[in-house]
Structure formats: C-alpha cells, structure tokens
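Below is one structure; the comments refer to it alone.
There are 2 protein chains.
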Amino acid sequence: MALPNPHGPEKKLMLLFLEGAAREAEIARAAGLPKVYMTSMETSDILMLGMGAFTPLRGFMNKAECQGCVFDLKLPDGTMWPMPVTLSISADELASSGVKEGSDVALIDRESGELYGTMTVEEIYQIDKLAQCKEVYKTDDAEGHPGVAKTMAQGEHNLGGPVKALNEGKYGAIYPKYYMYPAQSRALFEEKGWSRVVAFQTRNPMHRSHEYLVKFALESGNVDGAFIHAIVGALKAGDIPGETRVKCYEALIDNWFPKQNIALGVYPMEMRYGGPREALLHAVFRQNFGCKYLIVGRDHAGVGSYYGPFDAQTIFDELRPGALELAPMKINWTFYCYKCESMASLMTCPHEKEDRVIVSGTQFRRAMQEGAELPKEFGRPEVLAILEEYYQTAEKVEIKKHAYEDLTPEMLKKIQEGKK
Amino acid sequence: MALPNPHGPEKKLMLLFLEGAAREAEIARAAGLPKVYMTSMETSDILMLGMGAFTPLRGFMNKAECQGCVFDLKLPDGTMWPMPVTLSISADELASSGVKEGSDVALIDRESGELYGTMTVEEIYQIDKLAQCKEVYKTDDAEGHPGVAKTMAQGEHNLGGPVKALNEGKYGAIYPKYYMYPAQSRALFEEKGWSRVVAFQTRNPMHRSHEYLVKFALESGNVDGAFIHAIVGALKAGDIPGETRVKCYEALIDNWFPKQNIALGVYPMEMRYGGPREALLHAVFRQNFGCKYLIVGRDHAGVGSYYGPFDAQTIFDELRPGALELAPMKINWTFYCYKCESMASLMTCPHEKEDRVIVSGTQFRRAMQEGAELPKEFGRPEVLAILEEYYQTAEKVEIKKHAYEDLTPEMLKKIQEGKK
Chain A
1 MALPNPHGPE
11 KKLMLLFLEG
21 AAREAEIARA
31 AGLPKVYMTS
41 METSDILMLG
51 MGAFTPLRGF
61 MNKAECQGCV
71 FDLKLPDGTM
81 WPMPVTLSIS
91 ADELASSGVK
101 EGSDVALIDR
111 ESGELYGTMT
121 VEEIYQIDKL
131 AQCKEVYKTD
141 DAEGHPGVAK
151 TMAQGEHNLG
161 GPVKALNEGK
171 YGAIYPKYYM
181 YPAQSRALFE
191 EKGWSRVVAF
201 QTRNPMHRSH
211 EYLVKFALES
221 GNVDGAFIHA
231 IVGALKAGDI
241 PGETRVKCYE
251 ALIDNWFPKQ
261 NIALGVYPME
271 MRYGGPREAL
281 LHAVFRQNFG
291 CKYLIVGRDH
301 AGVGSYYGPF
311 DAQTIFDELR
321 PGALELAPMK
331 INWTFYCYKC
341 ESMASLMTCP
351 HEKEDRVIVS
361 GTQFRRAMQE
371 GAELPKEFGR
381 PEVLAILEEY
391 YQTAEKVEIK
401 KHAYEDLTPE
411 MLKKIQEGKK
Chain B
1001 MALPNPHGPE
1011 KKLMLLFLEG
1021 AAREAEIARA
1031 AGLPKVYMTS
1041 METSDILMLG
1051 MGAFTPLRGF
1061 MNKAECQGCV
1071 FDLKLPDGTM
1081 WPMPVTLSIS
1091 ADELASSGVK
1101 EGSDVALIDR
1111 ESGELYGTMT
1121 VEEIYQIDKL
1131 AQCKEVYKTD
1141 DAEGHPGVAK
1151 TMAQGEHNLG
1161 GPVKALNEGK
1171 YGAIYPKYYM
1181 YPAQSRALFE
1191 EKGWSRVVAF
1201 QTRNPMHRSH
1211 EYLVKFALES
1221 GNVDGAFIHA
1231 IVGALKAGDI
1241 PGETRVKCYE
1251 ALIDNWFPKQ
1261 NIALGVYPME
1271 MRYGGPREAL
1281 LHAVFRQNFG
1291 CKYLIVGRDH
1301 AGVGSYYGPF
1311 DAQTIFDELR
1321 PGALELAPMK
1331 INWTFYCYKC
1341 ESMASLMTCP
1351 HEKEDRVIVS
1361 GTQFRRAMQE
1371 GAELPKEFGR
1381 PEVLAILEEY
1391 YQTAEKVEIK
1401 KHAYEDLTPE
1411 MLKKIQEGKK
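Read top to bottom, the protein sequences are chains A and B. Following this note's numbering, the numbering of the first sequence begins with 1 at its first residue and continues without gaps. Following this note's numbering, the numbering of the second sequence begins with 1001 at its first residue and continues without gaps.
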C-alpha cells in the first residue's frame, strides 16, 4: 500500500522554497521591491506554504479562493479547503508602499524585520471580516476568541498571489531532528515501511489521556505507526512553549512507546483555535505529510466554549465523499478511572465522576506553579518532571514570548485577564 | 444509518423455522419419513440455518455449493461462503434407510433422538474428505485437529437439499434472555439506536484482555455498541461450558461496562476450530445478526498451532471487495503490562516479557483447579470468583458432557490425552 496522495487535483506536493542560486537571485531582487510586513501568523503560513504543507496552495489566497473556502469549504476548482490563508495590509501601508495589482513585493516578518519571501500581487481585495469570522470561527467575539481577535486586528486589505519562499526561519535550528517538510515525513514513513500512519495533533504536553489516544489508534489494527505532530508556531498565553513540549514528547516516546511504531515531528503553523474548521485544516495538511488518519478528540483545536465538544468530529461527516484521502479517528473524552484501573472514556467506563482523574488545564497549571502534587495517573513521571522544572523557572518570560505579538494592548490585556 | 444487510444477493434473512399449524403438520408428516441421524454439529447447524444465521443458505449444501465454498470460498452464485455446512450419512445407513435423491427425510439428533427438521434430499454425493480438510483446515491431522477429526469421522455420503426446521432445542430454555435470532438482535440494536455494532466472538470466559479488545473497539469512534456473542454449542474438552461463561459475561458487563453500550447474545453453533476460514464464517453470520464489525484477535477460532497467529486477520484482505458488508477489527496480542500500568499489546508496549501478565489456558486451568491465585490483572474479581467455583465443583462431569460425542473412542482418547 502507498501513502495517501498530497491534497488537491494534481496530487503533487507544492514546494515553494527556492534553493541555491535561484534563492540568492530572488533575495537580491527582493531588496528592490516594495515591502509588505507580515504578522507572526502570516510568517508561519509562508513556512507552511513553502514546505508544501498547504498543498495545493501556491501562495496567499485571492478573493475567490478566500470566499470559496470561507463560505463553501472549497477552492474555486472544487478542492476542499476549510480556512483562509491570507496576507493582509492596512490601508495606510497600502497607500504608502505603493503596492498595486501586478506588483512584486518582498514579504517581511514584522517582528524580526527578516525577509521570508516574495510575492506577485495578483489581486488586492477587501473581505467582510466579521462575516468571515462568523463562518470560520462560528463567533465574532474579538475579545474572547484569539482567532477572531487576529482576524479583526489584521489590515483592511488582502493581497492575493503566488509566493516564493526564501527563509526557513528559526525552526530548523531549534528542532533539527523534528522539523520536517511533508516530503521528509513521507520519506521517513516509507523508510519505516509504514503506509497507514495516524497523526496526533498536539499543542500541549502529552499526558496519560493523550498517550491513550495514540495507543489505541495503534491498537486499531488499521495503523502501521503514529506520527506525533506538534505545532510549534506561536500559541496563546498560558500554552507551553514548543521547546519544553518537545522534551516532554521525547520523554514519553523514549519510555512509553515501542520506538518502531512512533515518530515525532514539529511544524511551524500558528494555532487559529478554529475548532471544527481547524480540525479540517489539520486533516488537509496531515494528508500532505503522508498520514492516512488524524486523531480527532474532544474539542479539537477549540478554545473556551465556542464549539460543542464533538463539532470537530461531526464536521468530517459533512464533507462530500472523496474530499479528503485522510480519515478522522474520532475519540471520546478520556480519563484515568481508579475503578477500571485503566484509562477509559465515557464509551467504556461505567463508573462515577469521583472515580476519575480529570485535571483541567487551569488546575494543572496551578498545581505546577504551586509545586502541588498531580495524581500519577494524570501524567507519566518523566513528563511531569520536565513540566515542573519549566513552571518553576520559565513561565513569566515564556508567556510574553509566545503570545499575540500582533494584537492591540487592550485585546491582549482582556485575553490575559482570562475572558475566554 | 442502517444496519448492514443480511448476507447474500437477496439481502433478506432466511427464516427456516416453521411455526404454528404448519409446524404441527410437518411434525406429523415427518413421522412417516425415513430418518437421517445427525451429529451434534449437524444438529447445531440446523438451528443456525433455522434462525437465519446462515442466510442465504436454505439447507444443507449440495455438491456444487460444498465444493465452491471449500475450493473457491464462494457459492455457485458468487456469494462468499467460507466453510461447508453439510449433512452426512454412512454408506450402511444410506442403504438401510432407503433414502434416495428426491426423498423427503426426517432429521433426527443422534444423541437425543429428537426430531429437528425435515429435508428434501435433492442430491446424494461424495466428497474427498481429506482434500476438503486440507483446504478448509489447512491440515489433515485427524488426531490433533478437532475439526478434521469431525470431518473424517462423518459418513461417506452427503445429503444436500432445503431444510424445514422444527425444533428449537434446549437453548431458548437455558438462555432465555440471550438466545436470539438474527432478526431479534437486529431489533435489539435498532431499539438501542445502534447502527454500527461490533461483535465480539467468544468461546471463553472474558478476562482483562478480552475486555480490552471490546473496550478499544468501543473507543474507536466507529462503533455505537458492542455485541458480546458467545458460542454455546458443543466445545472441545477443557473449554468452559456455556452456562458458566454466561454468568461470567453477565458479571463483567454489570460491573465493568457502561450498560448502554453493550449487549450479550448466545448462539448454538459448534466450534470447528477452523482458524481463518472460521473467522470468515463468524463474520458472515455476524453480518446476519446485524453487526458491522467483528473483532478478530490473535489466533481467532484456532486450535493448537495449525494457524499463524494472524492468519485469521489476513484472510479478510484476500476477499474481493464487496464480499462482506461487515469489516474485521484486527487486533494484536494483548496483555497487562505492569510498567505501562495498563492493558497493552505489542503495538503499544515497549517493555519486556517479564513485565507482562500473560496467562496461558493451561496455566489458567491449573491455577483454577489447584486453587492457586491468579494475578488480579488477569481477570476481574467477579469473573474469577465464578470460575473458581466452577473448577472446584463441575469440571470432571462437564468435560464429558461437552466434547466430541460423535468421535470414535480412539480419537477421543487421543485428544483427551492432550494431543491438541
């Protein structure tokens, strides 16, 4: 059996990174182009585009693509696509930069000032941001929902057109073993003899529940191996930074999984917290990475209480047949049950709430910050030890580094005050 | 979603049991017909035929059907069928009974002398029993393999033709809550709102490993409920009788499963120990019972070491697409691991053999008979208590009652001496 095809009609990975002399020449050319400044999310999207994770996209969406995916879950050619991948610019910057339809522009990360790519601006257009948020995020709550906040904070105009990616950013250096392109994960799977790979999306350290999800995906008999695929782009306040999480994943894999059945990778996207729509996006690019299944648990890619706990599962049922080659593995709410003496879910455990270890994120962070003991059934000791160290030393600075650089101070304040 | 269709081109359950006046009339008519005496397996097959479990079969196979399923895994109309369902008669009895092609005959259980049905003998034929065994059982070892032993012990001639079933036997009385026809299990599933039911085939008491198989089938996200479906026809020496096992299943379900997700049923077939071929038979009739999935673990329906541990899984891959509406859920060797602190399998546990609780059937029986302690991770206490009581009081007589009534004394002796 072969790995699933890359997404889209051509079934071929789009590699938008230039290399060698072509790259050097394009960097030189970029110096003379008008500059467009990108938010951290736009910068992370260039990396996803560049490596082919967003195949079949060849750049930032034009209006028809954007509207198609927002309102109809598909690109103009009919390919399923669930979330906008767009580049915005404020009216002021548009005027001062002199960018017009037909211009080539240099794409600069606003935070670092680094060049990440170039783009031919085929279209400059406006969208109804509020309508887009209501469709994509099912809410227009810019104060509470980080995805909506980012959308509402972005410039009034979008620039659509094909991209040439020129800069790998920091990820390869930070995660030399785990940062990989879709072509690389596919090669890894083939080397391992896997054709049926299940992806586990994670933005958290993996506790017993997460381990359980991956393990029973492995038990399903449908799977040759599991790909722990961790997002390491910017997260929201309180999420644990990628470097720390990768140590946790390593500790878990080294001690608690058969090595031959598991692989770890990281990818540079920034979470949108889009719940069901983001679950579909996760599925699309996992197919590009060569995975046949994606574990979709409770409140996948959700935040606050904007989505029903299983909305991210049921949205897959609404796709037309053939929209994806990847299939979701849908899994219920899991916990450790002292009476079952095992991990379990509402499908399998007949006992009471009091018999179960359910630790909320808030309880978890409080316990960690205060040095309180967590039940051993919550997480493996090697993982908890790493987190304990992190919380004792790193939290205050890390939160600043990893959240919402592109939001207004008022928005940031409200989010940090906990109005989820 | 609807339950899977009954097997066969008509997608309709065959109910061969007569009822009411028609049944009375047929019983009266049978009194005047030549008698054909059936082995316990043939008698159990009439029950399976009668209730529609062997849909689309309408009686004992004729030669084309028998040869088709033995050598090509299909009936003459192309319907997948994996094992013979035949009625045999010795040359002597054939001569003395006066049965001819075209005769109607009364079908009598040899052990009890009771009438179970009538049949129109459309064809009298001979088969190459050894060739059949080599195809179906992958061995011709009549001394070691109980299925081969039964085949080789049967009469030289087969009688093929449609059956009218007239007698329910003892099962309804012994298992009033659990003995059900395919139409009844389907009604039960529909009442529960289940359309995606996973069947668990069992001829043993359920230990932690079995519980784990069912639980992670429930976790798979593909399943609305699990149907524990226990064989209660004659077993081989040393297997635990149905009445005792049903108590074990009840104890397990009552204490360790959410009631809304699980159902228990029993069926009267006699094990053939046919490994891969029998796994397919289990799949065919589970589809008739309304199930969408069948759990197929290690050495499903096997005996001794005639089959590779996963042959019963891979045989499903050889079926032509559409041969079955039911799909297997294939599962690896499972055990409790003290280091994982959970049930696990070779897919999920990285630890050593010494860390695992693996109790063989022999060790289990010895521990039970000697009153030795079994590790609590092997079975749930409520189940082990029932088995302890059984082994202390019942074994010697039960073995006699439940094995090989139809084998020659020499064969029985050899089998009982432990040559599996």
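C-beta: ideal position from N, C-alpha, C; glycine also.
Taking only beta-carbon positions, decide if A/LEU218 is within less than 8 Å of chain B. As a first step, residue 218 of chain A is located in the first sequence; it is residue number 218 there, counting from the start. Taking Cβ atoms only, chain B reaches closer than 8 Å to A/LEU218, which makes this a yes.
Which of helix, strand or coil DSSP assigns to A/LEU159: What you label residue 159 of chain A is simply residue 159 of the first sequence in a count that begins at 1. Three-state DSSP puts A/LEU159 in a strand.
Determine, using beta carbons only, whether A/PRO258 comes closer than 8 Å to chain B. Your numbering for residue 258 of chain A matches position 258 in the first sequence. Yes, its Cβ sits closer than 8 Å to a Cβ of chain B.
Please report the straight-line C-alpha distance between A/VAL105 and A/VAL121, rounded to a whole angstrom. For the purposes of this step, residue 105 of chain A is taken as residue 105 along the first sequence, with counting starting at 1. For the purposes of this step, residue 121 of chain A is taken as residue 121 along the first sequence, with counting starting at 1. Looking at the two C-alpha atoms, the distance is approximately 7 Å.
Identify whether A/LEU346 lies in helix, strand or coil by the three-state DSSP scheme. For the purposes of this step, residue 346 of chain A is taken as the residue at position 346 of the first sequence. DSSP places A/LEU346 in coil when its eight states are reduced to three.
When DSSP labels each residue in this structure, what does A/TYR175 get in the three-state scheme? Stepping through the first sequence from its first residue, residue 175 of chain A is reached at position 175. Coil.
In three-state DSSP terms, what is A/LYS134? Your numbering for residue 134 of chain A matches position 134 in the first sequence. Three-state result, A/LYS134: helix.
Excluding sequence positions up to five away, which residues of its chain have a Cβ less than 6 Å from the Cβ of A/ARG366? The count along the first sequence starts at 1 and reaches residue 366 of chain A at position 366. Nothing listed; no residue qualifies.
Using only CA atoms, which one of A/TYR391, A/GLY225, A/VAL232 and A/GLY274 lies nearest to A/GLU135? Counting from 1 along the first sequence, the entry for residue 135 of chain A is found at position 135. Per the Cα distances, A/GLY274.
Partners in chain B for A/LYS330, counting only beta-carbon separations shorter than 9 Å: Taking the first residue of the first sequence as 1, we reach residue 330 of chain A at position 330. Chain B residues near A/LYS330: SER1220, GLY1221 and ASN1222.
Beta-bridge partners of A/ASN104, as assigned by DSSP: One-based indexing of the first sequence puts residue 104 of chain A at position 104. Checking the displayed sequence, the identity of residue 104 of chain A turns out to be Asp instead of Asn. According to DSSP, which records beta bridges pairwise, A/ASP104 is partnered with A/THR120.
Relative to the C-alpha of B/ASP1141, which candidate in B/PRO1182, B/GLU1250 and B/TYR1307 has its C-alpha closest? Here residue 1141 of chain B is taken as the residue at index 141 of the second sequence, counted from 1. With distances taken between Cα atoms, B/ASP1141 lies closest to B/TYR1307.
Integer-rounded CB distance, given that B/LEU1213 should sit under 8 Å from B/PHE1200: Position 200 of the second sequence holds residue 1200 of chain B. Position 213 of the second sequence holds residue 1213 of chain B. Their Cβ separation, rounded to whole angstroms, is 7 Å, which keeps B/PHE1200 and B/LEU1213 in contact under 8 Å.
Starting from the beta carbon of A/CYS349, find every residue of chain B whose beta carbon is closer than 8 Å, and list them in chain order. Here residue 349 of chain A refers to the residue found at position 349 of the first sequence. Going along chain B in sequence order, the residues near A/CYS349 (Cβ under 8 Å) are PRO1258.
I want to verify the contact list: residues of chain B whose CB lies under 8 Å from the CB of A/MET206, in sequence order. As a working mapping, residue 206 of chain A is identified with position 206 in the first sequence. Correct list: empty, because the minimum Cβ distance to chain B is about 14 Å.
Under the DSSP definition of a beta bridge, which residues are partnered with B/ASP1109? Against the second sequence, residue 1109 of chain B aligns to sequence position 109. Answer is B/MET1038.
Inspect the beta-carbon positions of A/GLU101 and A/GLU65 and report whether they are closer than 8 Å. Locating residue 101 of chain A in the first sequence gives position 101, where the first residue counts as 1. Locating residue 65 of chain A in the first sequence gives position 65, where the first residue counts as 1. No; because the gap between Cβ atoms is not below 8 Å, this pair is not in contact.
So, for A/GLU398: in the same chain, excluding its five sequence neighbours on each side, which residues have a beta-carbon less than 7 Å away from its beta-carbon? Taking the first residue of the first sequence as 1, we reach residue 398 of chain A at position 398. Here the model assigns A/GLU398 a pLDDT of 42, short of 50, so the residue's position is not dependable, and the following value carries that caveat. Closer than 7 Å at the Cβ level, and outside the excluded window around A/GLU398, lie PRO241.
Using the three-state DSSP reduction, which class does A/PRO328 fall into: helix, strand or coil? Taking the first residue of the first sequence as 1, we reach residue 328 of chain A at position 328. Strand.
Rounded straight-line distance, which links the Cα of B/ARG1196 to that of B/ALA1323: For the purposes of this step, residue 1323 of chain B is taken as residue 323 along the second sequence, with counting starting at 1. For the purposes of this step, residue 1196 of chain B is taken as residue 196 along the second sequence, with counting starting at 1. Answer to the nearest angstrom: the Cα atoms are 18 Å apart.
Nearest chain A C-beta to B/SER1345 closer than 8 Å, yes or no? Taking the second sequence and counting its residues from 1, one reaches residue 1345 of chain B at position 345. It does: the Cβ of B/SER1345 has a partner Cβ on chain A nearer than 8 Å.
Per the DSSP calculation, A/CYS337 is bridged to which residue(s)? Residue mapping note: residue 337 of chain A aligns to position 337 of the first sequence, counting from 1. Looking at the DSSP assignment, A/CYS337 forms a beta bridge with A/SER342 and A/ARG356.
Chain-ordered chain B contacts of A/ASN261 [CB-CB under 8 Å]: Stepping through the first sequence from its first residue, residue 261 of chain A is reached at position 261. Here the neighbours are MET1347 and THR1348.
A/LEU264 bridges to which residues according to DSSP? For this step, residue 264 of chain A is matched to residue 264 along the first sequence. DSSP lists A/ILE228 as partners of A/LEU264.
Just grab the DSSP bridge partners of A/ILE295 for me. Within the first sequence, the letter at position 295 stands for residue 295 of chain A. Answer is A/MET329.
Is it buried or exposed, B/LYS1011, if we count other Cβ atoms within 10 angstroms and call 16 or more buried? Counting from 1 along the second sequence, the entry for residue 1011 of chain B is found at position 11. Answer is exposed; the Cβ neighbour count stays below 16.
Counting only the same chain and skipping the five closest in sequence on each side, list residues whose C-beta sits under 6 Å from that of B/GLY1233. On the second sequence, residue 1233 of chain B is found 233 positions in, with the first residue counted as 1. Excluding residues within five positions, the ones whose Cβ falls inside 6 Å are SER1044, PRO1268, MET1269 and GLU1270.
Residues from the stretch 1180 to 1208 of chain B in contact with chain A, defined by Cβ distance under 7 Å: none
Beta-carbon neighbours of B/SER1342, restricted to chain A and to distances below 7 Å: For the purposes of this step, residue 1342 of chain B is taken as residue 342 along the second sequence, with counting starting at 1. Chain A residues near B/SER1342: SER342 and MET343.
Proximal residues of chain A, C-beta to C-beta of B/LYS1292 below 9 Å: Position 292 of the second sequence holds residue 1292 of chain B. In chain order: nothing, as chain A lies at least about 15 Å away.
Any beta-carbon of chain A closer than 8 Å to the one on B/LYS1353? The residue labelled residue 1353 of chain B in the question sits at position 353 within the second sequence. Judged by the 8 Å Cβ criterion, B/LYS1353 is not in contact with chain A.
Go ahead and label B/LYS1396 buried or exposed: buried means 16 or more other beta carbons lie within 10 angstroms of its beta carbon, across all protein chains shown. The residue labelled residue 1396 of chain B in the question sits at position 396 within the second sequence. Confidence at B/LYS1396 is low in this model, with a pLDDT of 49, below 50, so its placement is unreliable and the value that follows should be read with caution. Answer is exposed; the Cβ neighbour count stays below 16.
Verify whether the separation of the beta carbon atoms of A/PHE227 and A/GLY169 is less than 8 Å. For this step, residue 227 of chain A is matched to residue 227 along the first sequence. For this step, residue 169 of chain A is matched to residue 169 along the first sequence. Cβ distance not < 8 Å, so A/PHE227 and A/GLY169 don't count as in contact.
Stretch pair the stretch 91 to 101 of chain A + the stretch 290 to 308 of chain A: three plus CB contacts closer than 8 Å: no
When the Cα of B/SER1112 is compared with those of B/TYR1178, B/TYR1179 and B/MET1038, which residue comes out closest? As a first step, residue 1112 of chain B must be located in the second sequence, where it is residue number 112. Closest option to B/SER1112, Cα to Cα, is B/MET1038.
Assigned exposure category for A/GLU211 - 16 Cβ within 10 Å defines buried: Working through the first sequence from its first residue, we reach residue 211 of chain A at position 211. Under this definition A/GLU211 is a buried residue.
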